[in-house]
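Trainee:
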DNA sequence: CAGAATCCAGCTCGATACTG
DNA sequence: CAGTATCGAGCTGGATTCTG
């Protein structure tokens, strides 16, 4: 039984899927994972179009909590905070890549199916 | 640039991640993918603990629309409807399995990180 | 610069009731 | 059996304001 556990808050797979289902978390992870240099808060903010400051800080906090991202505060004035992906985070990004490949490979097939479905639904009424 | 596209509704990877972030969709897919025999609506309902009939029908509809699941209505009285995973759906389940393996492999490490994080946050106050 | 706190609009989802 | 329709509570996340 592959994906089980009912309400599943304590199912590890579900936790990862929740993380991965979170748009901002994936974008942050992808950005930090694409280079090896740390990125500052407002740099991330500018790089990820559409993210609010609240969501960015919230996302970074939970990614740090999970050990996927590391935070480094430098005592300049004003303070500088750098975020970087961890070794653990990199392994997740790698795994996520398999999903990206699936998406790109099968997108056309999915879209074709959707169009068939929608065409039938419309004509059926 | 791995995971891009800002609001990304038309990013294929994001669509897949949304699907995968949907708890019920993954459970339905996992259940249908674990065997080769089709499953009826109320069978699924009973098998997936906690799912409401609204969410099940909604989930099945969108999975069918994407071509991940097939629907077969049999004209008995009352009507019987069977759902099965498609070939496309199977490839997604397989890919999802990589994520499950990641979760199971790294769960301990993630949980350890969370405990360190929470301990610091508490003592810090 | 890097956040925390507050407020609220909007969407999700469960519960409930009804249908072919 | 296999759904659809409707209503409302609750959570999510954006906008705004403020701080060390």
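Chains as they are written, first to last, in this note's numbering: chain A, 94 to 218; chain B, 94 to 218.
Cβ coordinates follow ideal geometry from the N, Cα and C atoms, glycine included.
Fair warning: this is a prediction, and the values are worked out from it, not measured in the lab.
1) Can you tell me which of A:186, A:197 and A:130 puts its alpha carbon nearest to the alpha carbon of residue 165 of chain A?
2) Helix or strand or just coil, what does DSSP make of residue 198 of chain A?
3) To which residues does DSSP link residue 157 of chain A through a beta bridge?
4) Give the straight-line distance between the Cα atoms of residue 98 of chain B and residue 205 of chain A, rounded to the nearest whole angstrom.
5) Beta-carbon within less than 6 Å of residue 157 of chain A's beta-carbon, same chain only, minus the 5 sequence neighbours each way: which residues are those?
6) Using C-beta distances below 8 Å, list every residue in its chain close to residue 194 of chain A, excluding the 5 sequence neighbours before and after it, in chain order.
7) Within 8 Å (strictly less), CB to CB, does residue 162 of chain A reach chain B?
8) Return helix, strand or coil for residue 135 of chain A, following the three-state DSSP convention.
9) Do the segment 175-195 of chain B and the segment 166-173 of chain A make contact, defined as three or more Cβ pairs closer than 8 Å?
10) At the 8 Å Cβ level, is residue 200 of chain A part of the contact set with chain B, yes or no?
11) Apart from the five residues just before and just after residue 124 of chain A, which ones in its own chain have a Cβ nearer than 8 Å to its Cβ?
Mentor: Result, derived from the coordinates:
1) A:130
2) helix
3) In the DSSP output, where bridge partners are listed per residue, residue 157 of chain A has none listed.
4) Caution is warranted here: a pLDDT of 45 is assigned to residue 98 of chain B, below 50, making its placement in the model unreliable, and no coordinate value can be reported.
5) 164
6) none
7) no
8) helix
9) no
10) yes
11) 132, 137, 140 and 141
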